[in-house]
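There are 2 protein chains.
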Amino acid sequence: MSDETLSGGLEAAGTQRQDGFDLSQWSARRLERVEHALSDWVVADAPAGLGETMRYAVLDGGKRLRPLLVLAACEAVHGNEAAALRAACAVELIHAYSLVHDDMPCMDNDVLRRGKPTVHVKFGQAQALLAGDALQALAFELLAPDGTAVPAQMQATLCRLLARSAGHAGMAGGQAIDLASVGRSLDEAQLREMHRRKTGSLLQASVMMGAACGAASATALSRLAAYGAAVGLAFQVVDDMLDVTADSATLGKTAGKDAAQEKPTYVSVLGLDGSAAFARTLLEQALQALAASGLKDTRALHALATMVVNRDN
Amino acid sequence: MSDETLSGGLEAAGTQRQDGFDLSQWSARRLERVEHALSDWVVADAPAGLGETMRYAVLDGGKRLRPLLVLAACEAVHGNEAAALRAACAVELIHAYSLVHDDMPCMDNDVLRRGKPTVHVKFGQAQALLAGDALQALAFELLAPDGTAVPAQMQATLCRLLARSAGHAGMAGGQAIDLASVGRSLDEAQLREMHRRKTGSLLQASVMMGAACGAASATALSRLAAYGAAVGLAFQVVDDMLDVTADSATLGKTAGKDAAQEKPTYVSVLGLDGSAAFARTLLEQALQALAASGLKDTRALHALATMVVNRDN
Numbered sequence: 222m223s224d225e226t227l228s229g230g231l232e233a234a235g236t237q238r239q240d241g242f243d244l245s246q247w248s249a250r251r252l253e254r255v256e257h258a259l260s261d262w263v264v265a266d267a268p269a270g271l272g273e274t275m276r277y278a279v280l281d282g283g284k285r286l287r288p289l290l291v292l293a294a295c296e297a298v299h300g301n302e303a304a305a306l307r308a309a310c311a312v313e314l315i316h317a318y319s320l321v322h323d324d325m326p327c328m329d330n331d332v333l334r335r336g337k338p339t340v341h342v343k344f345g346q347a348q349a350l351l352a353g354d355a356l357q358a359l360a361f362e363l364l365a366p367d368g369t370a371v372p373a374q375m376q377a378t379l380c381r382l383l384a385r386s387a388g389h390a391g392m393a394g395g396q397a398i399d400l401a402s403v404g405r406s407l408d409e410a411q412l413r414e415m416h417r418r419k420t421g422s423l424l425q426a427s428v429m430m431g432a433a434c435g436a437a438s439a440t441a442l443s444r445l446a447a448y449g450a451a452v453g454l455a456f457q458v459v460d461d462m463l464d465v466t467a468d469s470a471t472l473g474k475t476a477g478k479d480a481a482q483e484k485p486t487y488v489s490v491l492g493l494d495g496s497a498a499f500a501r502t503l504l505e506q507a508l509q510a511l512a513a514s515g516l517k518d519t520r521a522l523h524a525l526a527t528m529v530v531n532r533d534n
Numbered sequence: 222m223s224d225e226t227l228s229g230g231l232e233a234a235g236t237q238r239q240d241g242f243d244l245s246q247w248s249a250r251r252l253e254r255v256e257h258a259l260s261d262w263v264v265a266d267a268p269a270g271l272g273e274t275m276r277y278a279v280l281d282g283g284k285r286l287r288p289l290l291v292l293a294a295c296e297a298v299h300g301n302e303a304a305a306l307r308a309a310c311a312v313e314l315i316h317a318y319s320l321v322h323d324d325m326p327c328m329d330n331d332v333l334r335r336g337k338p339t340v341h342v343k344f345g346q347a348q349a350l351l352a353g354d355a356l357q358a359l360a361f362e363l364l365a366p367d368g369t370a371v372p373a374q375m376q377a378t379l380c381r382l383l384a385r386s387a388g389h390a391g392m393a394g395g396q397a398i399d400l401a402s403v404g405r406s407l408d409e410a411q412l413r414e415m416h417r418r419k420t421g422s423l424l425q426a427s428v429m430m431g432a433a434c435g436a437a438s439a440t441a442l443s444r445l446a447a448y449g450a451a452v453g454l455a456f457q458v459v460d461d462m463l464d465v466t467a468d469s470a471t472l473g474k475t476a477g478k479d480a481a482q483e484k485p486t487y488v489s490v491l492g493l494d495g496s497a498a499f500a501r502t503l504l505e506q507a508l509q510a511l512a513a514s515g516l517k518d519t520r521a522l523h524a525l526a527t528m529v530v531n532r533d534n
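Residue numbers (this note's numbering), protein chains in the order written: chain A, 222 to 534; chain B, 222 to 534.
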């Protein structure tokens, strides 16, 4: 995410500098660390072009919302920064691999992503498949480093949270529902269940992984989980709205594809105005959960939730 | 692997009941536990048919060589049995997902596996892609359970070993080399490097994960790594031989496909006799490493190495 985009989202929200907090500045510093770490960890020297394909899938693009949520949650609990940076990159690798596989011809068959040709268009389907697989493995590798910088207990917890959110009960399960729902109409409950898994699960896990880098009370964890669930769903509601209202250049991906692919969306179920109202309700829920968490420095989490709802791409 | 197959391999070796050890009996008990655990853990209730696809990819078939190596290594170090059962299943899930993706049209485009239609033939490419992705995530989920049955330190080590062996430096990297080598001739060193990653890495990791379920000396770990490397390479040399000498019914997969796909193999580089001699040399190396490990009960590891070289499917 560029600084411009972050600022734009926040200006729309009108809450960007509450308590003197500047999300744009906060994010810029952290994104620099994340981009640097991703570039270090997604190695170019993997054999037979695999490294190049993996780097193309991960670097130079992406909003990095998930890494920012990890880092913001870690800061809210005063957690282990080395662990949080690994967790931030691991979540982003899972997100990146899911996009690579999701874009393939047997899935959404999309050719444009982050303003560039999709991975299979650029490198072929076989390399795209393998690069996605290798990115998933690398995510877990990042979470389980040698040495003592990240305590074993934390490594195990981070692996558990990421595996559960990425797998059949989370993201992959949501993709399966998505696949089966093309051309069907879902009611709001079914749509919410699909998105809770497909998108919400990994966004919520980002928050929980950040929190797992420190020591949070059971109350704080429970409230952060509620925050993560609300932000995760709000993200998808806004995504569905943007697919209708934005153009491909702004989105960096093909606009209008939900309707073209006859996918049920929040816009198709609630309409544009209803979706906007629902997104605002979810934002309120997220912010109330934060307020009830007992955590002191939740300004970045607050600002990120606001940005998710007010973003324009 | 059926009992018949194990016995057949061992009878050919003529070493099956050294020291009164009966691999067939040893394996039968452990395979029962593995099959039961896999059936419990690969859940049918994943949404939209995903669970059914995952179970089809994993259950009712497969030699389960990797799980047996995990359990044998764990027993050699008197390790944590609950951890080893999880590790055994996790390794098998990674193996199973790699087969699902490898069989897809954009990779090897194979229609027969374990005597049944491949996953994408049965369930479609999109489901095959997702089921593979979900199986990889589930592997790591199994290694990082809640509770205290598996200590956190052990969970972290198991995740580390599995992630490294499955990813760009291991299996996925080997697949990329494989993909790039079609129609080319490789020399023995290049072929060995490809197979060290593609097949050997996960087989060696199986041994090391079993060992990580207990407390082994540095010497024992180093010798077990050598054992795992030799067995891993021997497995592939024999695989290349069987692709030429066995028929599809015996193999349970399409025979002769290496030549049909112009893939470089040990048979193409060393010939059949040369490959057989190389496999015997590797078996000797494996058994010497075991003998030098200082571990007392290595009979199952001994018998498994012998079986790998003498198997007929």
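The C-beta atom is built at its ideal place from N, Cα and C for all residues, glycine as well.
Bear in mind the structure is a predicted one, so any value in this text is a computation, not a measurement.
DSSP bridge partner residues for residue i (one or two, in chain order)
i      : result
A/R307 : Answer by DSSP bridge pairing: none, since A/R307 is not bridged.
B/L364 : None, per the DSSP bridge assignment.
A/R334 : A/K337
Exposure label - residue i; buried when at least 16 CB within 10 Å
i      : result
B/N531 : buried
B/S223 : Unreliable positioning characterises B/S223 in this predicted model, as indicated by a pLDDT of 36, which lies under 50. The coordinate reading is nonetheless provided below. Exposed, because fewer than 16 other Cβ atoms sit within 10 Å of the Cβ of B/S223.
A/H416 : buried
A/G241 : exposed
A/H257 : exposed
B/A234 : Confidence at B/A234 is low in this model, with a pLDDT of 42, below 50, so the placement of that residue should be treated as unreliable; the coordinate-derived value is given next. Classification of B/A234: buried, given that the 10 Å Cβ count is 16 or more.
A/G368 : exposed
B/R250 : exposed
B/Q376 : buried
A/Q178 : In the structure displayed, chain A extends from 222 to 534; residue 178 of chain A sits before or after that span and is not available.
B/K284 : buried
B/F435 : Per the sequence shown, residue 435 of chain B should be read as Gly rather than Phe. With 16 or more other Cβ atoms within 10 Å, it is buried.
A/D461 : buried
A/V403 : exposed
B/G272 : buried
A/N330 : exposed
B/C295 : buried
A/R520 : buried
B/T527 : buried
A/E259 : Here residue 259 of chain A turns out to be Leu, not Glu, going by the sequence shown. Label assigned to A/L259: buried.
B/G431 : buried
B/V440 : Note on residue identity: the sequence assigns Thr, not Val, to residue 440 of chain B. B/T440 should be labelled exposed.
A/S514 : buried
A/L231 : Because the pLDDT at A/L231 is just 35, under 50, the model does not fix this residue reliably, and the value given afterwards should be weighed accordingly. A/L231 should be labelled buried.
B/R405 : exposed
Proximal chain B residues relative to residue i, where beta-carbon distance stays under 8 Å
i      : result
A/L556 : No statement about residue 556 of chain A is possible, as the shown extent of chain A runs from 222 to 534 and does not include it.
A/V264 : H389
A/C434 : Per Cβ cutoff of 8 Å: no residues; A/C434 is ~14 Å from chain B at best.
Under 9 Å by beta carbon: chain B residues contacting residue i
i      : result
A/M430 : The premise fails here: A/M430 is roughly 12 Å from chain B at the closest Cβ pair, so nothing lies under 9 Å.
Cross-chain neighbours of residue i in chain A, by beta carbon under 7 Å
i      : result
B/A384 : A358, F361, E362 and A365
B/H322 : L350 and D354
B/A377 : A365, A373, Q376 and A377
B/R254 : By Cβ distance, chain A contributes nothing, its closest Cβ being about 22 Å from B/R254, past 7 Å.
B/R250 : Here the premise fails: no neighbours, minimum Cβ distance about 29 Å.
Interface partners of residue i on chain B, CB under 7 Å
i      : result
A/G272 : H389
A/A439 : Those do not exist, as A/A439 stays about 15 Å from chain B at its closest Cβ, beyond 7 Å.
Chain A residues whose Cβ lies nearer than 8 Å to that of residue i
i      : result
B/G394 : A267, P268, A269, L271 and A355
B/M275 : H389
Problem - Interfacial residues, the region 339-361 of chain B to chain A, with Cβ spacing under 9 Å - result: Correct list: H341, G345, Q346, A347, Q348, A349, L350, L351, A352, G353, D354, A355, L356, Q357, A358, L359, A360 and F361.
Practice task
Kindly provide the ranges of any alpha helix (DSSP H) runs that are 4 or more residues long and lie completely inside the region 226-302 of chain A, ordered along the chain.
Solution key: Segments of the alpha helix (DSSP H) lying fully in the region 226-302 of chain A: 244-262, 271-279 and 286-297.
Problem - Contact set between the region 297-315 of chain B and chain A, restricted to residues whose Cβ is under 7 Å from the partner - result: Listed by position along the chain: nothing, the set is empty.
Exercise for the section: Closer than 9 Å, Cβ to Cβ, to anything on chain A: give me those residues from the region 325-339 of chain B, in chain order. Expected result: For the region 325-339 of chain B, which is checked against every Cβ of chain A, the residues closer than 9 Å are M325, P326, C327 and M328.
Problem - Length-filtered (4 minimum) alpha helix (DSSP H) runs lying within the region 459-517 of chain A - result: Note on the region 459-517 of chain A: whole alpha helix (DSSP H) runs with a minimum of 4 residues are 469-472, 478-481 and 487-512, in chain order.
Exercise for the section: Just list the alpha helix (DSSP H) runs in the region 398-431 of chain B, keeping only unbroken ones of 4 residues or longer that don't cross its boundaries, in chain order. Expected result: Counting whole runs of 4 or more residues, the region 398-431 of chain B contains the alpha helix (DSSP H) stretches 409-416.
Exercise for the section: Could you name the residues of the region 278-294 of chain B whose beta carbon sits closer than 9 Å to any beta carbon of chain A, in the order they occur along the chain? Expected result: So the list is empty, because no residue satisfies the distance condition.
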